[in-house]
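Undergrad: In terms of this note's numbering, the sequence shown opens at residue 45 and continues consecutively.
Mind having a look at this structure? Questions to follow.
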Amino acid sequence: MNELCMIIKDMVIPNFMNIRTSLRTYDRDALCCGAPCWRWAYHAIHSADKWFINPCVYDEPPFHEEGMDNPDNPTSVVLSDEQLLEYLDAVEKKTLDYIDTLTDNMLYEKPENCEHTRMELVLRQFRHISFHTGMLNGQTALATGKFPMWVSQADKYVDDGIFFGRYRKGQVTK
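What follows is the structure in structure tokens.
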């Protein structure tokens, strides 16, 4: 039975939708704690890429430069928002495909060479993605006076290009 895995999948999709909205609404060059917001966006996406599945068995993306995932570190690489969104799409697909391979019992196991269980890795990334999405949205709200749309249930989301002024269409039901 994969009931927990399906719940995780249903909950992780809105996480990716919310950070995608952040990337479509933020000022990429606005500074947050001394680093441009695009660096924080990369940090969050890279963390999901590396830590959602197994941080101990991981290949960096081809555009990654050593230390680039830490916004405090200088880097010669500058990623466009298009590149960040493409990377986010790839990480989302990789994550959802991975969840589809899991069983509920596997959530209690530790992946190869990793000190954390799969469930711990999942929960850490839920927290991390949500934190940085909120951080980016806070920057947007300060700059524009409007808070970007927030999705709680993917099946209630309406992709109509409106990113501000509403929670989302539909009611929270289950």
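Yeah, the Cβ is synthetic: ideal placement off N, Cα and C, and Gly gets one too.
If you're wondering where the values come from, they're calculated on a predicted model, not measured in any experiment.
Roughly how many angstroms separate the alpha carbons of PRO106 and SER124, rounded to a whole number?
TA: To locate residue 106, count along the sequence shown from 1; it is residue 62. To locate residue 124, count along the sequence shown from 1; it is residue 80. Distance between the alpha carbons of PRO106 and SER124: 15 Å.
Undergrad: Can you tell me whether SER120 is buried or exposed? The criterion is at least 16 other CB atoms within 10 Å of its CB, across all chains shown.
TA: Counted from its first residue, the sequence shown places residue 120 at position 76. Result: exposed.
Undergrad: Looking only at C-alpha atoms, which of VAL166, SER66 and CYS81 sits nearest to ILE51?
TA: Residue numbering aside, residue 51 sits at position 7 when the sequence shown is read from its first letter. Taking only the C-alpha atoms, the option nearest ILE51 is VAL166.
Undergrad: Within a Cβ cutoff of 6 Å, which residues of the same chain sit near GLY111, ignoring the five residues on either side of it in sequence?
TA: The residue you call residue 111 lines up with position 67 of the sequence shown. The answer, listed in chain order, is ASN117.
Undergrad: Using the three-state DSSP reduction, which class does PRO106 fall into: helix, strand or coil?
TA: For this step, residue 106 is matched to residue 62 along the sequence shown. In the displayed model, PRO106 falls within coil according to three-state DSSP, outside both helix and strand.
Undergrad: According to DSSP, simplified to helix, strand and coil, what is CYS158?
TA: On the sequence shown, position 114 is the one that residue 158 refers to. CYS158 sits in coil when the DSSP states are folded into three classes, being neither helix nor strand.
Undergrad: Taking Cβ positions, are LYS231 and LEU140 nearer each other than 8 Å?
TA: The structure shown does not extend to residue 231, since the chain is modelled only from 45 through 218, so no value can be given for it.
Undergrad: Could you pull out every residue in the same chain whose Cβ sits closer than 8 Å to the Cβ of HIS87, ignoring the five residues on either side in sequence?
TA: Taking the first residue of the sequence shown as position 1, residue 87 is located at position 43. The residues ASP113, ASN114, PRO115 and HIS176, in chain order, have a CB closer than 8 Å to that of HIS87 in the same chain once the five nearest residues on each side in sequence are set aside.
Undergrad: Can you tell me whether LEU75 sits near the ligand SAH, meaning its C-beta is under 7 Å from at least one heavy atom of the ligand?
TA: Looking at this structure, you won't find the ligand SAH or any other ligand, since it has none at all.
Undergrad: Does DSSP put PRO192 in a helix, in a strand, or in coil?
TA: In the sequence shown, counting from the first residue as 1, residue 192 sits at position 148. Three-state result, PRO192: strand.
Undergrad: Measuring CB to CB, does PHE170 end up less than 8 Å from MET193?
TA: One-based indexing of the sequence shown puts residue 170 at position 126. One-based indexing of the sequence shown puts residue 193 at position 149. No, they are not a contact pair.
Undergrad: How many Å lie between GLU153 and LEU67 at the Cα?
TA: The residue you call residue 153 lines up with position 109 of the sequence shown. The residue you call residue 67 lines up with position 23 of the sequence shown. So the alpha carbons of these two residues sit roughly 34 Å apart.
Undergrad: Shortest alpha-carbon distance to GLY182 belongs to which of SER196, ALA74, LEU151 and GLU104?
TA: Start at 1 with the first residue of the sequence shown, and residue 182 comes out as number 138. Nearest of SER196, ALA74, LEU151 and GLU104 to GLY182, Cα basis: ALA74.
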